[in-house]
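K.L.:
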Ligand code: VG1
Ligand code: CO
């Protein structure tokens with residue numbers, strides 16, 4: 001085995017987005033593309049002598065190849081040890097868990113999460129720091145800086161490692177340990193939730209479907225739901241990870257998981273339905289005839305946190321991304337704990353959790369989690385709901401309705417305009433920004449604008465500033481219109497429009513969401529010139 005220094009030239013566009021670098025597989029397959037980015041991570045980290053790295057991914061196409069390359073480069077960079085998930089598999093939350101439990105210096109997650117996989121799909125890579133969470137912007141920007149200047153990378157010429165057999169091996173001076181991807185994570189879940197109560201629930205005939213969407217959550221769901229909790233076999237569907245996710249979009253929402261939603265509306269629907277995304281950090285919660293919005297799910301978890309043993313002592317605070325509905329704010333107010341509003345992306349929650357300022361975090365994009373790790377966690381949210389269902393004896397529908405009756409309902413929807421021409425999307429955002437100073441106090445279709453701005457976040461822990469995080473138009477009754485551009489897409493630009501309207505009156509809690517939000521959607525279109533600028537007469541995806 002020899003370590004080689006290979007000359008390389010830079011690639012444009014290797015700037016990490018909302019959650020790491022995501023590109024078409026074909027772009028990653030260019031010679032040195034992956035190597036350059038990995039070397040840029042290592043250059044940013046500096047000397048790694050004596051350190052442990054955790055490595056794994058969601059099993060999509062290119063995952064195995066990337067693992068082998070990164071192992072050879074880590075050996076050349078002087079890491080003492082790499083822990084790699086068996087088969088190259090580690091869900092994003094499991095990787096976060098392993099980094100923390102094994103006191104590693106960081107981890108590399110290989111995933112493009114909810115983006116499609118396969119040779120024509122997407123691939124992604126992300127660095128997580130020692131707290132187990134995504135690297136903050138100052139690190140991702142430093143990595144990007146390296147991608148623009150590096151001229152060589154270092155790699156061992158060692159052969160491929162057997163990733164499928166648990167055990168230890170060596171590459172150069174570096175130890176490699178192939179670990180069970182599920183064990184550490186499953187043990188953590190048993191600490192947090194009342195497994196005995198959930199087990200009794202299943203033993204009593206409670207029925208559930210968990211849709212793994214042929215992504216990485218399958219092995220975790222099989223082991224925990226059907227294994228430890230005794231749910232009947234068949235509870236987990238699409239539970240075998242496939243390199244192309246069976247050709248589906250591993251993005252759990254009522255559009256992509258339409259089959260599950262249909263099943264949950266059928267006369268013989270199971271009691272509970274759930275789904276998870278490509279890398280198992282997102283969750284969708286469905287009851288009989290009702291899909292719970294992620295914002296409501298966070299609020300309901302917060303209001304009932306004490307039912308789970310891991311949260312019996314209460315929660316310290318909540319954080320939500322800015323576009324997420326304000327439903328959790330009302331719960332925080334009632335619990336007399338703070339609620340923080342952060343930019344989109346889990347990396348902004350890390351400091352708040354590390355400082356002990358918040359326990360629960362969530363995003364409208366089907367991401368929910370807590371300070372048990374530093375990533376959002378799909379199965380964690382599902383287990384929380386199971387714990388709540390077991391403890392309350394109530395249905396999902398009843399729990400949601402009782403929550404609305406107590407706190408009011410935040411009608412909420414996101415409209416995505418995908419693969420719009422980039423210049424049209426930039427033009428739309430610029431046009432909105434120009435109007436912001438003049439919007440306050442204007443009365444539009446019966447709504448009075450309270451304030452309108454481009455969201456700026458000042459991290460209360462380290463004082464760092466993130467600006468241009470989304471245009472928001474907030475009405476005096478709390479209704480909101482938010483526009484931002486996606487930072488995870490790989491084709492053109494994706495415009496996200498988020499709509500929210502608060503309704504206190506229980507008699508008004510049964511309006512279909514799109515109907516309740518139609519007035520705000522019309523205002524949004526008029527202000528942004530959405531349809532005219534994009535040439536689209538409706539969103540690509542409405543959730
Ligand atoms: C989207 C979501 C955001 C989430 C991010 C990563 O980002 O809106 O809330 O944190 O995906 O999720 P964007 O920039 O496309 O809106 V995951 O599960 O893809 O890692
Ligand atoms: Co994900």
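Numbering (full-length UniProt numbering), first residue to last: 1 to 543.
Glycine included, every Cβ here is placed at the ideal spot set by N, Cα and C.
Taking the CB atoms as reference points, tell me whether residue 325 and residue 363 lie closer together than 8 Å.
P.N.:
Residue 325 sits at position 325 when you count from the first residue of the chain shown. Residue 363 sits at position 363 when you count from the first residue of the chain shown. Result no, Cβ atoms of residue 325 and residue 363 do not sit closer than 8 Å.
K.L.:
Based on DSSP bridge pairs, tell me the residues matched to residue 471.
P.N.:
Stepping through the chain shown from its first residue, residue 471 is reached at position 471. 454 and 483, per the DSSP bridge assignment.
K.L.:
Figure out for me which residue from 462, 88 and 190 has the closest Cα to the Cα of residue 348.
P.N.:
Residue mapping note: residue 348 aligns to position 348 of the chain shown, counting from 1. The option with the nearest alpha carbon to residue 348 is 462.
K.L.:
Taking a contact to mean a Cβ-Cβ separation below 8 Å, would you say residue 179 touches residue 86 in this structure?
P.N.:
The residue you call residue 179 lines up with position 179 of the chain shown. The residue you call residue 86 lines up with position 86 of the chain shown. Yes.
K.L.:
With C-beta atoms as the reference, is residue 513 less than 8 Å away from residue 412?
P.N.:
For the purposes of this step, residue 513 is identified with residue 513 of the chain shown, where counting begins at 1. For the purposes of this step, residue 412 is identified with residue 412 of the chain shown, where counting begins at 1. Their beta carbons are under 8 Å apart, which means residue 513 touches residue 412 by this criterion.
K.L.:
How is the alpha helix (DSSP H) around residue 64 delimited, first residue to last?
P.N.:
Within the chain shown, residue 64 is the residue found at index 64, counting from 1. Here the alpha helix (DSSP H) through residue 64 covers 63-77.
K.L.:
Is the distance from the Cβ of residue 198 to the Cβ of residue 387 below 8 Å?
P.N.:
As a first step, residue 198 must be located in the chain shown, where it is residue number 198. As a first step, residue 387 must be located in the chain shown, where it is residue number 387. Their beta carbons are under 8 Å apart, which means residue 198 touches residue 387 by this criterion.
K.L.:
Going by DSSP, what residues sit across from residue 245 in a beta bridge?
P.N.:
By 1-based counting over the chain shown, the position of residue 245 is 245. Partner(s): none; residue 245 has no beta bridge.
K.L.:
Would you say residue 279 touches the ligand CO, meaning its beta carbon is less than 7 Å from a heavy atom?
P.N.:
Mapped onto the chain shown, residue 279 falls at position 279. The answer is yes for residue 279.
K.L.:
Looking only at C-alpha atoms, which of 279, 339 and 465 sits nearest to residue 302?
P.N.:
Against the chain shown, residue 302 aligns to sequence position 302. Ranking 279, 339 and 465 by Cα distance to residue 302 puts 339 first.
K.L.:
Of the choices 434, 451, 432 and 17, whose alpha-carbon is the least far from that of residue 441?
P.N.:
As a position in the chain shown, residue 441 is number 441, starting the count at 1. The shortest Cα separation from residue 441 among 434, 451, 432 and 17 belongs to 451.
K.L.:
Would you list the one or two residues that DSSP bridges to residue 128?
P.N.:
Here residue 128 refers to the residue found at position 128 when the chain shown is read from its first residue. DSSP lists 107 and 134 as partners of residue 128.
K.L.:
Does the ligand CO have a heavy atom nearer than 7 Å to the CB of residue 344?
P.N.:
Sequence index remark: in the chain shown, residue 344 carries index 344 (1-based). Checking the Cβ of residue 344 against the ligand CO gives no.
K.L.:
Does residue 493 come out as helix, strand or coil in the three-state DSSP assignment?
P.N.:
Numbered from 1 along the chain shown, position 493 holds the residue referred to as residue 493. In the structure shown, residue 493 sits in a strand (DSSP, three-state: E or B).
K.L.:
Measuring straight from C-alpha to C-alpha, what distance separates residue 7 and residue 152?
P.N.:
Residue numbering aside, residue 7 sits at position 7 when the chain shown is read from its first letter. Residue numbering aside, residue 152 sits at position 152 when the chain shown is read from its first letter. Taking the straight line joining both Cα atoms gives about 4 Å.
K.L.:
Whole-angstrom Cβ separation of residue 21 and residue 108, contact assumed at under 8 Å?
P.N.:
For the purposes of this step, residue 21 is taken as residue 21 along the chain shown, with counting starting at 1. For the purposes of this step, residue 108 is taken as residue 108 along the chain shown, with counting starting at 1. Contact doesn't hold; Cβ gap of about 11 Å is too wide.
K.L.:
Can you check whether the CB of residue 181 is closer than 8 Å to the CB of residue 56?
P.N.:
Indexing the chain shown from 1 puts residue 56 at position 56. Indexing the chain shown from 1 puts residue 181 at position 181. Cβ distance < 8 Å, so residue 56 and residue 181 count as in contact.
K.L.:
On a CA-only basis, which of 307, 101 and 263 is nearest residue 186? Give me that one, please.
P.N.:
To locate residue 186, count along the chain shown from 1; it is residue 186. Checking every option, the nearest Cα to that of residue 186 belongs to 101.
K.L.:
Can you name the start and end residues of the beta strand (DSSP E) that residue 168 belongs to?
P.N.:
Taking the chain shown and counting its residues from 1, one reaches residue 168 at position 168. Where residue 168 is concerned, the enclosing beta strand (DSSP E) stretches over 167-171.
K.L.:
Would the stretch 131-151 count as touching the stretch 457-475 if we require 3 or more Cβ pairs under 8 Å?
P.N.:
yes
K.L.:
Measuring CB atoms only, is the stretch 425-436 touching the stretch 315-335, in the sense that at least three cross pairs come out at less than 8 Å?
P.N.:
No contact exists between the stretch 425-436 and the stretch 315-335.
K.L.:
Going by DSSP, what residue range makes up the alpha helix (DSSP H) through residue 43?
P.N.:
Within the chain shown, residue 43 is the residue found at index 43, counting from 1. 33-45 is the span of the alpha helix (DSSP H), which, as asked, contains residue 43.
K.L.:
Where does the unbroken alpha helix (DSSP H) through residue 97 begin, and where does it stop?
P.N.:
Taking the first residue of the chain shown as position 1, residue 97 is located at position 97. Unbroken alpha helix (DSSP H) run through residue 97: 92-101.
K.L.:
Just to confirm the assignment: which complete beta strand (DSSP E) runs, minimum length 3, are found wholly within the stretch 405-465?
P.N.:
409-420 and 447-454
K.L.:
Could you pull out every unbroken beta strand (DSSP E) segment of at least 3 residues lying fully inside the stretch 317-356, listed in chain order?
P.N.:
318-321 and 339-342
K.L.:
Do residue 113 and the ligand CO come close, with the Cβ less than 7 Å from some heavy atom?
P.N.:
In the chain shown, counting from the first residue as 1, residue 113 sits at position 113. Under cutoff, so the answer is yes.
K.L.:
Let me make sure I understand the geometry here. Which of 373, 527 and 384 has the alpha-carbon closest to that of residue 445?
P.N.:
In the chain shown, residue 445 corresponds to position 445, counting from 1. Of the listed residues, the one whose Cα sits closest to residue 445 is 527.
K.L.:
Given residue 359, which residues of its chain have a CB within under 6 Å of its CB, disregarding the five upstream and five downstream residues?
P.N.:
By 1-based counting over the chain shown, the position of residue 359 is 359. 315, 316, 370 and 371.
K.L.:
For the ligand VG1, I want to know if residue 487 counts as a neighbour, meaning its beta carbon is within less than 7 Å of at least one of the ligand's heavy atoms.
P.N.:
By one-based count along the chain shown, residue 487 stands at place 487. For the ligand VG1, at least one heavy atom lies less than 7 Å from the Cβ of residue 487.
K.L.:
Who are the near neighbours of residue 424 in its chain, counting only those whose CB is closer than 7 Å to its CB and skipping five residues on each side?
P.N.:
Within the chain shown, numbered from 1, the residue matching residue 424 stands at position 424. So the list reads 533 and 534, once near-sequence residues are dropped.
K.L.:
Taking the Cβ atom as the reference point for each residue, do residue 245 and residue 331 lie within a distance shorter than 8 Å?
P.N.:
Working through the chain shown from its first residue, we reach residue 245 at position 245. Working through the chain shown from its first residue, we reach residue 331 at position 331. Contact flag unset, no.
K.L.:
Do you know how far the Cα of residue 269 is from the Cα of residue 263?
P.N.:
Counting from one through the chain shown, the residue named residue 263 turns up at place 263. Counting from one through the chain shown, the residue named residue 269 turns up at place 269. A direct Cα-to-Cα measurement between residue 263 and residue 269 gives close to 6 Å.
K.L.:
According to DSSP, is residue 542 part of a helix, a strand, or is it coil?
P.N.:
Taking the chain shown and counting its residues from 1, one reaches residue 542 at position 542. Strand.
K.L.:
Hey, out of 321, 334 and 366, whose CA is closest to residue 352's CA?
P.N.:
Start at 1 with the first residue of the chain shown, and residue 352 comes out as number 352. The residue with the shortest Cα to Cα distance from residue 352 is 321.
K.L.:
Out of 459, 537, 374 and 484, state which residue places its alpha-carbon closest to the alpha-carbon of residue 422.
P.N.:
One-based indexing of the chain shown puts residue 422 at position 422. The shortest Cα separation from residue 422 among 459, 537, 374 and 484 belongs to 484.
K.L.:
Pull up the CB-CB distance for residue 169 and residue 75, whole angstroms please, since I reckon it's below 8 Å.
P.N.:
Mapped onto the chain shown, residue 169 falls at position 169. Mapped onto the chain shown, residue 75 falls at position 75. Distance from residue 169 to residue 75 at the Cβ level is roughly 11 Å; contact not present, criterion being Cβ atoms closer than 8 Å.
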